[in-house]
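Read the structure below first, then the notes.
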Amino acid sequence: MTFSQLAKREKRLLWITSAVILGYAGYTYLLEPGYNFLSKLNNEVLSKEIQLLKNRRIISQKDKISTVYNKFSRTLQIKGSLEEELADTLKVIESISKASNLYLVDIKPGIVKDMGFYKRLIIVVEAEGEINHLTKFIYQLSSKLLTVSSLRLKAKSGTKGVLSAQLVISRILEE
């Protein structure tokens, strides 16, 4: 049976069915993927605009950032040998512990890890004291650009309010 042999009603039904199928296929394979692609591009453009605004703000503060970087860079640079830097760091830790009224039980100079463009000096410290002395000690360490990367606390037996602490302190050194 050919198209011309179909009745008028059947032709109309065939055209409507064909239009519905073509409409569904056009929506599914053209419009929806196109809309999704354009919305994805729009989201990428918005994220790039936000990143651009952040970068512009950072660039506008270039001089301020450079001065702060130079200030800290001088304190991070190795002034002598690694042994001298280790000795200086140990002196700083001891002076901070005295100022914080924290009793140092043991200080173990750790290793120097080469991290590529900088080195990390690691020192293990065992100390005893009250919690407020310990927090003051940790705070003062941060003001000297020393970080506590690990901290273990336990109550010292036989004494009330005294903690025994093991701290892993690290310092970054630029080459």
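For the sequence shown, our numbering begins at 4 and goes up steadily by one.
Cβ coordinates follow ideal geometry from the N, Cα and C atoms, glycine included.
Buried or exposed, going by whether 16 or more other CB atoms sit within 10 Å of the CB of residue i?
i, result
"F6", "exposed"
"F140", "buried"
"S100", "buried"
"S172", "The amino acid occupying residue 172 in the given sequence is Ile; Ser does not appear at that position. Buried, since its Cβ has 16 or more Cβ neighbours within 10 Å."
"G132", "buried"
Between which two residues does the beta strand (DSSP E) harbouring residue i extend?
i, result
"S146", "Careful: S146 lies outside any beta strand (DSSP E), inside the alpha helix (DSSP H) at 134 to 146."
"L156", "149 to 158"
"L166", "165 to 177"
Return the CA-CA distance between residue i and residue j, expressed in angstroms with no decimal places.
i, j, result
"H136", "I125", "22 Å"
"E97", "L107", "8 Å"
"K11", "A22", "17 Å"
"R155", "V95", "21 Å"
"K67", "Y32", "53 Å"
"S42", "S63", "31 Å"
How about residue i and residue j: do their beta carbons lie closer than 7 Å?
i, j, result
"L176", "K122", "yes"
"K159", "S153", "no"
Item to complete: Taking only runs that begin and end inside the segment 21 to 52, name each unbroken alpha helix (DSSP H) of 4 or more residues, in chain order.
Response: none
Fill in: Completely contained alpha helix (DSSP H) runs for the segment 85 to 110, where each covers 4 or more residues
85 to 102
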